[in-house]
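Structure first, commentary second.
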Amino acid sequence: MGWLAALGALFAPASAWAQDGMRVWLPQAVTTTAPVIDRLFYVVLAITGAVFIGVQLTLVYFLIRYRRRPGVRAGYTHGNNLVEVVWTAIPAIILVWLSLRSQQVWSQVRGTPPPPDLEVAITAQQFAWNIHYPGADRRFGRTDASLIDEASNPIGLDRTDPTAQDDLVSVNQLHLPLNQTVLIHLKAKDVIHSFFVPQFRLKQDAVPGITSRMWVQPTTAGNFDIACAELCGLGHYRMRGFLTIESPEEFQNWLTQSLAEQAL
Amino acid sequence: MSGASHTTHDAADGMRKVVNSQLIFLGLLFVPLLSLLLPAQAAWIRWGSLAVLAAAVVVMRRTLFSSDHKVIGVQFLITSLVMLFVGGLLAALIRLQLGWPNQAWPWLGKILPGGFPEGGPMDPTFYNMLFTMHGSIMIFFAIIPLLVGVFGNYLIPLKIGAGDMAFPKLNMYSYWLVPPAIAVVCAGFFMESGAAAGGWTAYAPLSTTLGPGQVCWIVGVIILGSSSIMGAANYLTTIINLRAPGMSFFRLPLAIWALFITAIMVLLATPVLASALILLLLDSTAGTSFFLPAGLVIDGVVQARAGGQVLLWQHLFWFYSHPAVYIMILPAMGIVSEILPVFARKPLFGYHSMVYAIMGIALLGFLVWAHHMFTSGMNPTLGTSFMVSTMVIAVPSAIKTFNWLGTLWRGSIQLTTPMLHAIAFVSMFVIGGLTGIFAASTPVDLYLHDTYFIVGHLHYVLFGGSLFGIFAGVTFWYPKMFGRMLNERLGKIHCALTFICFNAVMFPMFILGIAGMPRRIYDYTAYTHLAQVGGLNRMMSVAAFVLVAAQVLFIINFFRSLAHGKVAGQNPWQANTLEWATASPPPHGNFTTTPTVYHGPYEYSVPGRKEDWLAQNVKA
Amino acid sequence: MERSRMWSPLLIATLIAIGCGGGKPQEASATPDAPEGRPVQVAEAPAGAQPAVGGSSAVIQGTVTLDGQAPKPATLKMSADPVCQQAHSSPVYAEDVVASAQGQLKNVFVYVKDGVSGTYPAPATPVMLDQNGCVYKPHVFGIQVNQPLEVANSDPTAHNVNAKPTANTPFNTAQPSNKAPKVKKAFAKPEVMVKFKCNIHPWMSAYAGVVAHPFFGVSGDDGSFTISGLPAGTYTVEAWHEKYGTQTQSVTVGDGESESVNFTFKAQ
Numbered sequence: 014m015g016w017l018a019a020l021g022a023l024f025a026p027a028s029a030w031a032q033d034g035m036r037v038w039l040p041q042a043v044t045t046t047a048p049v050i051d052r053l054f055y056v057v058l059a060i061t062g063a064v065f066i067g068v069q070l071t072l073v074y075f076l077i078r079y080r081r082r083p084g085v086r087a088g089y090t091h092g093n094n095l096v097e098v099v100w101t102a103i104p105a106i107i108l109v110w111l112s113l114r115s116q117q118v119w120s121q122v123r124g125t126p127p128p129p130d131l132e133v134a135i136t137a138q139q140f141a142w143n144i145h146y147p148g149a150d151r152r153f154g155r156t157d158a159s160l161i162d163e164a165s166n167p168i169g170l171d172r173t174d175p176t177a178q179d180d181l182v183s184v185n186q187l188h189l190p191l192n193q194t195v196l197i198h199l200k201a202k203d204v205i206h207s208f209f210v211p212q213f214r215l216k217q218d219a220v221p222g223i224t225s226r227m228w229v230q231p232t233t234a235g236n237f238d239i240a241c242a243e244l245c246g247l248g249h250y251r252m253r254g255f256l257t258i259e260s261p262e263e264f265q266n267w268l269t270q271s272l273a274e275q276a277l
Numbered sequence: 052m053s054g055a056s057h058t059t060h061d062a063a064d065g066m067r068k069v070v071n072s073q074l075i076f077l078g079l080l081f082v083p084l085l086s087l088l089l090p091a092q093a094a095w096i097r098w099g100s101l102a103v104l105a106a107a108v109v110v111m112r113r114t115l116f117s118s119d120h121k122v123i124g125v126q127f128l129i130t131s132l133v134m135l136f137v138g139g140l141l142a143a144l145i146r147l148q149l150g151w152p153n154q155a156w157p158w159l160g161k162i163l164p165g166g167f168p169e170g171g172p173m174d175p176t177f178y179n180m181l182f183t184m185h186g187s188i189m190i191f192f193a194i195i196p197l198l199v200g201v202f203g204n205y206l207i208p209l210k211i212g213a214g215d216m217a218f219p220k221l222n223m224y225s226y227w228l229v230p231p232a233i234a235v236v237c238a239g240f241f242m243e244s245g246a247a248a249g250g251w252t253a254y255a256p257l258s259t260t261l262g263p264g265q266v267c268w269i270v271g272v273i274i275l276g277s278s279s280i281m282g283a284a285n286y287l288t289t290i291i292n293l294r295a296p297g298m299s300f301f302r303l304p305l306a307i308w309a310l311f312i313t314a315i316m317v318l319l320a321t322p323v324l325a326s327a328l329i330l331l332l333l334d335s336t337a338g339t340s341f342f343l344p345a346g347l348v349i350d351g352v353v354q355a356r357a358g359g360q361v362l363l364w365q366h367l368f369w370f371y372s373h374p375a376v377y378i379m380i381l382p383a384m385g386i387v388s389e390i391l392p393v394f395a396r397k398p399l400f401g402y403h404s405m406v407y408a409i410m411g412i413a414l415l416g417f418l419v420w421a422h423h424m425f426t427s428g429m430n431p432t433l434g435t436s437f438m439v440s441t442m443v444i445a446v447p448s449a450i451k452t453f454n455w456l457g458t459l460w461r462g463s464i465q466l467t468t469p470m471l472h473a474i475a476f477v478s479m480f481v482i483g484g485l486t487g488i489f490a491a492s493t494p495v496d497l498y499l500h501d502t503y504f505i506v507g508h509l510h511y512v513l514f515g516g517s518l519f520g521i522f523a524g525v526t527f528w529y530p531k532m533f534g535r536m537l538n539e540r541l542g543k544i545h546c547a548l549t550f551i552c553f554n555a556v557m558f559p560m561f562i563l564g565i566a567g568m569p570r571r572i573y574d575y576t577a578y579t580h581l582a583q584v585g586g587l588n589r590m591m592s593v594a595a596f597v598l599v600a601a602q603v604l605f606i607i608n609f610f611r612s613l614a615h616g617k618v619a620g621q622n623p624w625q626a627n628t629l630e631w632a633t634a635s636p637p638p639h640g641n642f643t644t645t646p647t648v649y650h651g652p653y654e655y656s657v658p659g660r661k662e663d664w665l666a667q668n669v670k671a
Numbered sequence: 311m312e313r314s315r316m317w318s319p320l321l322i323a324t325l326i327a328i329g330c331g332g333g334k335p336q337e338a339s340a341t342p343d344a345p346e347g348r349p350v351q352v353a354e355a356p357a358g359a360q361p362a363v364g365g366s367s368a369v370i371q372g373t374v375t376l377d378g379q380a381p382k383p384a385t386l387k388m389s390a391d392p393v394c395q396q397a398h399s400s401p402v403y404a405e406d407v408v409a410s411a412q413g414q415l416k417n418v419f420v421y422v423k424d425g426v427s428g429t430y431p432a433p434a435t436p437v438m439l440d441q442n443g444c445v446y447k448p449h450v451f452g453i454q455v456n457q458p459l460e461v462a463n464s465d466p467t468a469h470n471v472n473a474k475p476t477a478n479t480p481f482n483t484a485q486p487s488n489k490a491p492k493v494k495k496a497f498a499k500p501e502v503m504v505k506f507k508c509n510i511h512p513w514m515s516a517y518a519g520v521v522a523h524p525f526f527g528v529s530g531d532d533g534s535f536t537i538s539g540l541p542a543g544t545y546t547v548e549a550w551h552e553k554y555g556t557q558t559q560s561v562t563v564g565d566g567e568s569e570s571v572n573f574t575f576k577a578q
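Chains as they are written, first to last, in the working numbering: chain P, 14 to 277; chain L, 52 to 671; chain H, 311 to 578.
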């Protein structure tokens, strides 16, 4: 059994995790829908956890109880139809119930979005998030791929378009106002990316040729990271955006200031 | 009688020759590839090594090119075990980076100058190649060939009482497409542009932008797909036409049922992958736009493509690759269903419901592919239907688990190495299956998709499930294949170490996923929500290294026992099925006289009999 | 990229031939060219790259000016990466047009386009390109064919060095932080200009003029440039500017003479 002790020593780094282990779990939930998804997660965790413990304990019990003993012959049975029906029906009922329970949350998160207070278009590219605010007129200016200049006009915004005059384009900086419904239009220029804010409990792929929509209503102020969750090339791992959730007033100030800076 | 034992000895000798020639061949196969790393002046090494390879093939052609299903099975075994080890080494490199991101590795820089430029930290592109090739090698060159190639070829004729496959030559071709496929896929590692780096899923458009290594990957997988299709057609024909007298479908061992259904899945799904790959190849090399929409601007350059659909690739790919998950688990389930009754000395619980469950899994397996795409931007209503089908597929999986437990109930359980692996399979597959429910629930998947939770889930299915099933099968049929027993003590230590380390690597992945760690991330330290995961990752990495090292025990046991193992005899496990009714290893043609089958495969501990087993070819 | 793609079917064919057991090696004889896909050999030429041609002392020098009002330089918005933003305490401006109040135009690449004969081995001294404060330094530079190029990352953040030549082999290498080793490359063919960019910080760009001989220069803050060590002769001199395009002039210089060539770009 010496090798077991040696193995234990090899896993000593686990103690490092044990110290801050409690923090390695679901991050903060900062939108109206995130706690709903969390609740569903815990429901699934409870069901699967119970089945997991039940099956493993039964397995271990059987291995001990029915281990080979001299003179004891194994039972002879080919099965039992009633038992088969029971253990087919019970999982089926639980899973159908879980589907219905999931569907409720799904339609809330992915169904028709509520009327938005703010719309934002996010165009992902290797390796940056281009955030496009429509400005006071609440209309996005026209974009055209032929106008794209990576350094100065990453989304090809047509600045001659009247609706584009008050549009703000920022790279990696997403600011959202607290307690307002935000509709995000997701696009991609080159390859598939995936917009992932762990604190939103949401991710949505940004697919070239498709405009996907997602909506959020932030409930907690703070600074969070935007990660890319779909492999997009050598810079995938650090396609990091910065999300700031702040009061509507602070948000307006930021918008005004950024527009002024943009004009420079 | 002495004549018979003489033949057996010859057969065992022949199998050792097959193993040796296969190892030599695989070793030589990589020499010309390795020589590509040398400067141009050393071209003579390349040509020399090619000539040596050719000469070796000519010299060894008698042991290399055989149409005997047993030889082909063993060839698949050696080839895919080598690839399994290669895939494991790639995984160790992945863990190296995740355990110690930003760490410089001067000694690795000397071995792998492309991966660790100037002995500095790992190159991010190299990391992308690592997980791409780890996934591809493990799935296409280790698990599928091990389960379908090895056990399909070796077991089908023996277990149904046939002399060989229906199409022995086709069988031989199906094996001989595998080494070229391996060479082509791995060739990328030896090119300046590097190996494929688009993930094993090769999502377009990224995969069309990655250059020659990715193109090699596509071509290699097409070659492998052709091999699978040939094999599957052969298995189906053999099982349908060559069963021994009395071997009705409902007397087939579960392993054969599983391989039969698997072959149907391979035959229906693989052509879809092949055609999708051909379209991807055209998009990558011929300027077509099957998967590329209008308005693409890659690296600031407007692309002259139009009319393609990005999501089409995902639909086609998963239409193959989700059934492929079942292709990788059904045979393992079949193997475990074989082994549990033998070492519980008890009939399989619910034989019929086990068969129907396999059919149910296969049928539903074709209806769940888009559960990989809940976040892809496809219509949410479609997400609902795929959630329901995915939830439903958990039912037959649950039935199987309960029936395995039912088999153990009131058994007389003998914890041999194959049995320990089979029990590990049941235990680990449960975790793999249950965590799948998280991913099936669409809203939960919105959070967990593409995080380490999914990485953990798929490893519990494909390692905890398939690979433990493979270890169970190899250790169980090793005496039949080579006529000698493996060392039990070494086998048990290997099983225990693998089980412990596997869990120490893979279980924390669920926690990382729940903490929001995305997969395929070279360096997670930049993200504030992942500030705490370093210690856990290091622990996993240490466990992963021990896990890889533990496999050396298996290698030692495997090769040592070839010559020094205890002689096995015809039926060392006192099992019922037909492969045990002939010599170990079986002679060419398998059976001296075609056996007749009188009952099902799991008649153990039949009341009123002295022995606790009743072979299928013995009248009660 | 394009060329390596063309090569891949050939490689595959070869590999299939290898994989099939190499039974017919003569069919696979297309591979001797495999070095195509190998890093370019860095020139082994020793220092003292001056040609052995007698009397190489002619000089072409001059000034580049901008006619008209220079556009107001754009402020680089580095909020996309806080590391970049924190590296600067004052605003950083785009370097596409850098002109003094007197109209002296910086960052113009001037080189002898035609008229040079003979071969000029590449110097062993590397050309350095630094990524510092999320800006390439220098913004425009010249390099000889096969002369080593070393790209450093001095920032505690990631950059990817994405060189986009058309005649040479492109490369795109990530440098995760300032701990990453230098990216060492060389260009095998003359090409004016090769663009460098970083996809993580879209504002970053640099340009390299790859020339087969050492007769090139880049205009400085005062718009001046000097090309020295030329043999006597008649040359076509080209000036390249990132925004205003190219201009050529013909000039004849004798041994030991210094000829002045001035370029004027018109502000648009």
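We put the CB at the ideal spot given by N, CA and C, even for glycine. Treat the numbers as computed from the prediction; the structure is a model and nothing was measured.
query, result
"Uninterrupted alpha helix (DSSP H) stretches inside the segment 419-489 of chain L (no shorter than 4 residues)", "431-459"
"Top-ranked residue by Cα proximity to F237 of chain P, from P:K200, P:N185, P:V204", "P:N185"
"Supposed contact pair V195 of chain P and V133 of chain P - C-beta distance, whole angstroms, cut 8 Å", "6 Å"
"CB contact below 8 Å: L459 of chain L versus chain P", "yes"
"Closer than 8 Å to chain H by CB, F140 of chain P", "yes"
"S225 of chain P (DSSP reduced to helix, strand or coil)", "strand"
"Whole-angstrom distance between L362 of chain L and A314 of chain L, CA atom to CA atom", "28 Å"
"Minimum length 4: unbroken alpha helix (DSSP H) runs contained in the segment 45-104 of chain P", "47-78"
"Residues within the segment 236-255 of chain P neighbouring chain L, beta-carbon criterion of under 9 Å", "N236, F237, D238, A240, C241, A242, E243, L244, C245, G246, L247, G248, H249, Y250, R251, R253"
"Min CB distance Q602 of chain L to chain P below 8 Å", "no"
"Boundaries (first-last residue) of the alpha helix (DSSP H) holding T321 of chain L", "305-336"
"K447 of chain H versus V374 of chain H - alpha carbon distance", "21 Å"
"Helix, strand or coil at I380 of chain L [DSSP, three-state]", "coil"
"Cβ-based contacts, 7 Å cut-off: residues of the segment 485-496 of chain H near chain L", "P486, S487, K489, A490, P491"
"Whole-Å CB distance - M479 of chain L paired with G524 of chain L, under 8 Å assumed", "Incorrect: roughly 15 Å between the Cβ atoms, too far for contact."
"Contacting positions in the segment 134-159 of chain L - beta carbon closer than 8 Å to chain H", "N153, A155"
"Minimum length 3: unbroken beta strand (DSSP E) runs contained in the segment 100-176 of chain L", "none"
"Residue nearest to P392 of chain H in terms of C-alpha spacing, selected from H:V450, H:A411, H:A468, H:E567", "H:A468"
"Check whether A320 of chain L and F370 of chain L have beta carbons under 8 Å apart", "yes"
"Contact between the segment 523-537 of chain H and the segment 416-423 of chain H (3+ Cβ pairs under 8 Å)", "yes"
"CB contact flag (T647 of chain L, A213 of chain L, <8 Å)", "no"
"DSSP state of T579 of chain L mapped onto helix, strand, coil", "helix"
"M429 of chain L vs A421 of chain L beta-carbon contact at 8 Å", "yes"
"Contact check, A380 of chain H vs V407 of chain H, beta carbons under 8 Å", "yes"
"CB contact below 8 Å: N509 of chain H versus chain L", "yes"
"Contact with chain H by D574 of chain L, beta-carbon distance below 8 Å", "yes"
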